[in-house]
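Read through the structure below, which is laid out as structure tokens, and then see the notes.
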Amino acid sequence: MDHQLRRRAVAARLEDLGVDAFLVTDLANTRYLTGFTGSNGQLLIGGSFELFLTDGRYEEQARRELPDVDRSASDRSYRGAVVERCASSSVARLGVEAHSMTLAEHTRLGEALGDDVELVAAEDVVEDGRRVKDDEERELIRRAQAATDAAFVGILDRFALGVSEGWIARELERLMLDAGADGLAFDPIVAFGENAAEPHHEPGHRVLEEGDVIKLDIGALVEGYHADMTRTIAFGQPTAELQKVHDIVRQAQQAAIDVVRAGITGVEVDAAARSVITEAGYGGGFVHGLGHGVGLEIHEQPWLGTTRTNELPAGSVVTIEPGVYLPGIGGVRIEDMVEVRDDGCAVVGVSTRELIEL
Ligand code: ZN
Ligand code: ZN
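The structure is reproduced here in structure tokens:
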């Protein structure tokens with residue numbers, strides 16, 4: 015992870031963007047460019063300078079994590095340091111991240127900078143680089159997935175009549191931490207029976223009953239990198255329809271995995287999975303996009319869905335997660351992360367996708 019190289023890539027784009035300097039306010043982007051892991055940090059990149067901004071709480075941490083970057087820690091807003099540096103470096107046009115800067119912050123920054131500096135909204139300046147993971151990033155994602163796979167195996171013998179979704183969610187968290195995770199990539203989704211018809215069900219007091227499907231969407235976090243996996247299993251024998259739907263969703267996921275390679279678009283991969291589900295008569299039950307990139311954020315570029323025309327570059331890591339949801343009955347989603355390669359893709363995890371009947 016060469017943070018300096020990443021910062022240079024941003025500096026090299028200033029001219030194309032038509033700006034003298036670029037202000038990074040998105041925290042994941044700041045981390046990507048510096049390695050800073052705190053909760054308040056901004057980065058100003060000019061043609062011949064870099065300035066990292068944080069507050070007093072993180073002064074020591076920044077000294078340790080960013081020893082080679084000019085730093086400024088202030089308990090006032092970061093705007094003061096930005097105004098000073100823009101003045102001393104003759105910045106006339108300052109690029110800002112459109113997705114991360116609120117209208118209120120844009121107004122305040124514009125007022126602080128005055129008439130001499132024009133703010134220029136830009137998109138994807140850092141995200142363009144983040145789409146392609148380097149070897150070290152892919153290794154961290156694999157480690158996060160290994161902890162996720164371990165938790166899935168570990169949870170299988172915890173299911174019994176009467177256990178609640180919430181209890182299973184807490185057990186999953188413990189299992190991931192025991193398997194080496196630093197934390198959770200997101201709060202686990204645990205849905206029993208009819209609750210599995212909600213794609214993002216929040217685990218509650220519903221207890222396990224004979225014949226329930228069990229939908230688990232889980233992921234561990236390792237050094238800032240996320241994992242994301244969904245499995246749908248059953249407690250006892252599920253209905254014939256849910257068995258059939260599980261089979262269809264599995265086939266749909268495999269159809270998508272079979273077409274993934276560098277250069278294919280998110281629309282094309284989505285269509286490969288969606289056509290299987292539609293032809294089986296369940297198209298109306300597949301109510302979300304096929305997947306998303308994974309990295310420093312759980313949901314990031316590139317995207318896979320019916321309107322996502324972006325290409326998947328070699329080295330990106332994306333999820334393939336078709337689902338079918340039947341209100342009042344249940345639902346099935348199967349999700350895996352894959353590494354996109356020139357000639358295909360490689361599934362990151364090892365957990366079985368068979369319909370396990372406990
Ligand atoms: Zn997921
Ligand atoms: Zn996902």
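Here the sequence shown is numbered in our numbering, starting from 15 and rising by one per residue.
For every residue, glycine included, the Cβ atom is placed at its ideal position computed from N, Cα and C.
query                                                                                                                      : result
Distance CB(His260)-CB(Thr244) smaller than 8 Å                                                                            : no
Cβ contact check for the segment 152 to 159 and the segment 118 to 138: 3 or more pairs under 8 Å                          : no
Spatially closest choice to Thr162 from Glu314, Arg77, Gly60 and Thr366, by CA coordinates                                 : Thr366
Nearest-angstrom Cβ-Cβ length linking Leu230 and Pro202, presumed shorter than 8 Å                                         : 7 Å
Contact check, Gly250 vs Glu224, beta carbons under 8 Å                                                                    : yes
Rounded straight-line distance, which links the Cα of Leu318 to that of Glu353                                             : 14 Å
Asp231 - partner residues in DSSP beta bridges                                                                             : Ile203 and Thr244
Rounded distance between the beta-carbons of Leu175 and Leu437, thought under 8 Å                                          : Residue coverage of the chain in this structure runs from 15 to 372, which leaves residue 437 outside it and unanswerable.
Integer Cβ distance of Leu28 from Val38, believed to fall under 8 Å                                                        : Going by Cβ atoms, the distance from Leu28 to Val38 rounds to 12 Å, so no, they are not a contact pair.
Alpha-carbon spacing of Leu65 relative to Arg85, whole angstroms                                                           : 6 Å
Boundaries of the beta strand (DSSP E) in which Val96 is found, first to last residue                                      : Note, Val96: premise wrong, no beta strand (DSSP E); alpha helix (DSSP H) at Arg93 to Ser102.
Ligand 4 heavy atom lying under 7 Å from the CB of Thr244                                                                  : Ligands in the displayed structure: ligand 1 and ligand 2; ligand 4 is not one of them.
Contiguous alpha helix (DSSP H) assignments of at least 4 residues, all confined to the segment 123 to 174                 : 141 to 144 and 149 to 169
Start and end residues, beta strand (DSSP E) containing His306                                                             : Gly305 to Gly307
Inter-residue Cα distance where the pair is Glu212 and Pro341                                                              : 8 Å
CA nearest to the CA of Leu67, picked from Tyr92, Gly49 and Pro81                                                          : Tyr92
Nonlocal neighbours in the same chain, by C-beta distance under 6 Å from Gly55, ignoring five residues either side         : Thr44 and Thr68
Rounded straight-line distance, which links the Cα of Glu282 to that of Ser104                                             : 47 Å
Thr333 Cβ short of 7 Å to ligand 2 heavy atom set                                                                          : yes
Cut-off 6 Å between Cβ atoms - residues of its own chain near Leu191, not counting five sequence neighbours on either side : none
Per DSSP, the bridge partner or partners of Gln56                                                                          : Leu67
For Ala106, three-class secondary structure by DSSP                                                                        : coil
N- and C-terminal bounds of the alpha helix (DSSP H) containing Val301                                                     : First-last for Val301: undefined, no H or E at that position.
Proximity below 8 Å, CB of Val131 to CB of Ala106                                                                          : yes
Top-ranked residue by Cα proximity to Gly309, from Thr292, Val362 and Leu186                                               : Val362
Entirely enclosed alpha helix (DSSP H) segments - the segment 265 to 352, minimum 4 residues                               : 280 to 293
Inter-residue spacing [alpha-carbon to alpha-carbon] between Arg77 and Leu186                                              : 36 Å
beta-carbon Asp231 near ligand 1 non-hydrogen atom, thresh 7 Å                                                             : yes
When Arg288, Ala276 and Pro252 are compared against Leu369, the one with the closest alpha-carbon                          : Pro252
Where Asp242 falls, given that 16 or more other Cβ within 10 Å makes a residue buried                                      : buried
First through last residue of the alpha helix (DSSP H) which encompasses Leu37                                             : Taken as a continuous stretch (DSSP letters only), Leu37 belongs to no alpha helix (DSSP H), being part of the beta strand (DSSP E) at Ala35 to Val38.
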